[in-house]
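Asks:
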Amino acid sequence: MSVDKVLIVEDEVKLARFVELELKHEGYEVFVANDGRDGLDKFYDEKPDIVLLDLMLPELSGIEVCRRIRKNSNVPIIMLTAKGETIDKVLGLDSGADDYITKPFAIEEVLARMRVALKRIKTFSQNTNSVLQLKNLTIDSAKRVVKVDNDEIELTKREFELLYYLVKNKNIVITRDQILNNVWGYDYIGETNVVDVYIRYIRTKIDDKYNTKYIHTIRGVGYFAKDDE
Ligand code: CA
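Okay, so the sequence shown: first residue is 652 according to the working numbering, each after it adds one.
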């Protein structure tokens, strides 16, 4: 069992130092960057298992750092946000963050969220050696590629995981709560319509584009991916 590596990107030096010491105490290997650019450099150098990323950073903003990391990595990213920087800003922009914590936070909360995020990515990697099929849509989870016939569809991390979850449970009605728990991976405290928003993103990219209904809505209940008409 190897030690998980954490990258903290935070420009409040005292706060960064505090979190660093706490995480080291918990047995994590910790790297710290105090601005966005250094954060990105350290990300590529150290290849952390998880990133704690402040939203407001000098050089490159947290959103931008997150977006760049997401281009070629599924590493769990937890955003650290100040009060007033709403969840919409963090997750609604689809920067690709997995979770967010509002400052000031208790270190126990950070540790708990980190455990959830790390467990989730490990479970996801273990369960994803297969190719799933729904009509003419295929999901190769190892390569993280979605295709309709031979057309490759570009999805964000969250869209991919949502589609994967629905197709894995195809022909079963899935409630919004189940989706939140399994795809967002924690007790979501924001607007629950985030699921509907992401379903709409997927439909725009797939159902509408190929003029086929892959994802069905059960009003007031949830969604399901349907195989045959
Ligand atoms: Ca900051």
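Every residue, glycine too, gets a C-beta built ideally from N, C-alpha and C. From a predicted model like this one, the values you see are computed outputs, not experimental measurements.
Grouping DSSP H, G and I as helix and E and B as strand, with all else coil, what is T732?
Replies: Walking along the sequence shown from the start, residue 732 turns up at place 81. If DSSP states are grouped into helix, strand and coil, T732 belongs with the strands.
Asks: Could you name the residues, in chain order, whose CB is less than 6 Å away from a heavy atom belonging to ligand 1?
Replies: Every residue passing the under-6 Å Cβ criterion appears here: D662, E663, D705, M707, L708.
Asks: Could you tell me whether the Cβ atoms of Y849 and D858 are closer together than 7 Å?
Replies: Locating residue 849 in the sequence shown gives position 198, where the first residue counts as 1. Locating residue 858 in the sequence shown gives position 207, where the first residue counts as 1. Cβ distance not < 7 Å, so Y849 and D858 don't count as in contact.
Asks: Where I752 and A733 are concerned, what is the direct C-alpha to C-alpha distance, given to the nearest angstrom?
Replies: Walking along the sequence shown from the start, residue 752 turns up at place 101. Walking along the sequence shown from the start, residue 733 turns up at place 82. In a straight line, the C-alpha of I752 is about 9 Å away from that of A733.
Asks: For D662, which residues does DSSP report across the bridge?
Replies: Working through the sequence shown from its first residue, we reach residue 662 at position 11. Paired residue(s): none; D662 is not in a bridge.
Asks: So for V872, helix, strand or coil by DSSP?
Replies: Here residue 872 refers to the residue found at position 221 of the sequence shown. Reduced to three states, the DSSP call for V872 is coil.
Asks: Checking the sheet assignment: what are the DSSP bridge partners for F682?
Replies: Residue numbering aside, residue 682 sits at position 31 when the sequence shown is read from its first letter. For F682, which the question treats as bridged, DSSP gives the partners L658.
Asks: With DSSP as the reference, label E677 as helix, strand or coil.
Replies: Here residue 677 is taken as the residue at index 26 of the sequence shown, counted from 1. It is coil, neither helix nor strand.
Asks: Give the DSSP-derived three-state secondary structure of I752 in the structure shown.
Replies: Residue mapping note: residue 752 aligns to position 101 of the sequence shown, counting from 1. In this structure, I752 counts as strand in the three-state DSSP scheme.
Asks: Quick check on DSSP: helix, strand or coil for I758?
Replies: The residue you call residue 758 lines up with position 107 of the sequence shown. In this structure, I758 counts as helix in the three-state DSSP scheme.
Asks: Quick one, are the C-beta atoms of A768 and D749 less than 7 Å apart?
Replies: As a working note, residue 768 is residue 117 in the sequence shown. As a working note, residue 749 is residue 98 in the sequence shown. It is a contact, given that the beta carbons lie within the stated cut-off.
Asks: Could you give the residue range of the alpha helix (DSSP H) that holds I850?
Replies: Numbered from 1 along the sequence shown, position 199 holds the residue referred to as residue 850. Start and end: 845 to 856.
Asks: How far does the beta strand (DSSP E) with D705 in it reach, from first residue to last?
Replies: By 1-based counting over the sequence shown, the position of residue 705 is 54. From DSSP, the beta strand (DSSP E) with D705 extends over 701 to 705.
Asks: For the candidate residues S781, K856, L706, I823, whose alpha-carbon lies nearest to that of E803?
Replies: Residue numbering aside, residue 803 sits at position 152 when the sequence shown is read from its first letter. Among S781, K856, L706, I823, the Cα nearest to that of E803 belongs to K856.
Asks: Rank E760, D662, K773 by C-alpha distance to the C-alpha of V726 and give the top, closest one.
Replies: Against the sequence shown, residue 726 aligns to sequence position 75. Selected option, being the one with the closest Cα: K773.
Asks: What's the gap between the Cα of Q784 and the Cα of P709?
Replies: Within the sequence shown, numbered from 1, the residue matching residue 784 stands at position 133. Within the sequence shown, numbered from 1, the residue matching residue 709 stands at position 58. Distance between the alpha carbons of Q784 and P709: 44 Å.
Asks: Could you have a look at I823 and say whether DSSP puts it in helix, strand or coil?
Replies: In the sequence shown, counting from the first residue as 1, residue 823 sits at position 172. The answer is coil: DSSP assigns I823 none of H, G, I, E or B.
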